[in-house]
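Undergrad: Could you have a look at this structure, given as structure tokens, before my questions?
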Amino acid sequence: MIRSLGGELLAHLGYRVHQAPDGPQALERFLREGDIDLVILDFHLPGRSGLAVLQELKALDPQVRVLMASGFFTPQEVQRLRAGGAAGMIHKPFRVGELETRIRLVMAGMSGW
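FYI, the numbering for the sequence shown is -12 to 100, going by our numbering.
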């Protein structure tokens, strides 16, 4: 439900949205669609960790921007995500304006941290 609401919100803001319920399907969707500018990726995914999916996405396309989402990040997790190439993070729950700001920062090539 949260994922679908987030997708509706992003579509309302003018973004084209593709959704996947877990890590393996997210990777499959990324390969199939091929023209994805930004991935908003939950850190805690069923089927595969968000960090593992981040690493696989970056191996497929080093230029893809990935914004990580979670209710809680440890300092060690943040360090691993930054080293893995994540463009930023956002803490859940987040406000619409906060998400929109993070997306714009990341898409402009600025830090989303």
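By construction, the Cβ of each residue, glycine as well, lies at the ideal position given by its N, Cα and C atoms.
Computed from a predicted model, the values in this text were never measured in an experiment.
Taking the alpha-carbon positions, what's the R35 to E43 distance?
TA: As a working mapping, residue 35 is identified with position 48 in the sequence shown. As a working mapping, residue 43 is identified with position 56 in the sequence shown. If I take the Cα positions, the gap works out to 11 angstroms.
Undergrad: Would the stretch 39 to 56 count as touching the stretch 73 to 90 if we require 3 or more Cβ pairs under 8 angstroms?
TA: Short answer: they touch.
Undergrad: Compare the C-beta of G(-6) against all C-beta atoms of chain D and say whether one is closer than 8 angstroms.
TA: Among the protein chains of the structure shown there is no chain D, as only one such chain exists.
Undergrad: Name the DSSP beta bridge partners of L54, please?
TA: Translated into the one-based positions of the sequence shown, residue 54 becomes position 67. For L54, which the question treats as bridged, DSSP gives the partners I27, G75.
Undergrad: Drop a sphere of 10 angstroms on the beta-carbon of R19, count the other beta-carbons inside from all chains shown, and report buried for 16 or more, exposed for fewer.
TA: In the sequence shown, the residue the question calls residue 19 occupies position 32. R19 is exposed by the Cβ-count criterion.
Undergrad: Assign E20 to one of three DSSP states: helix, strand, or coil.
TA: Numbered from its first residue, the sequence shown carries residue 20 at position 33. Three-state result, E20: helix.
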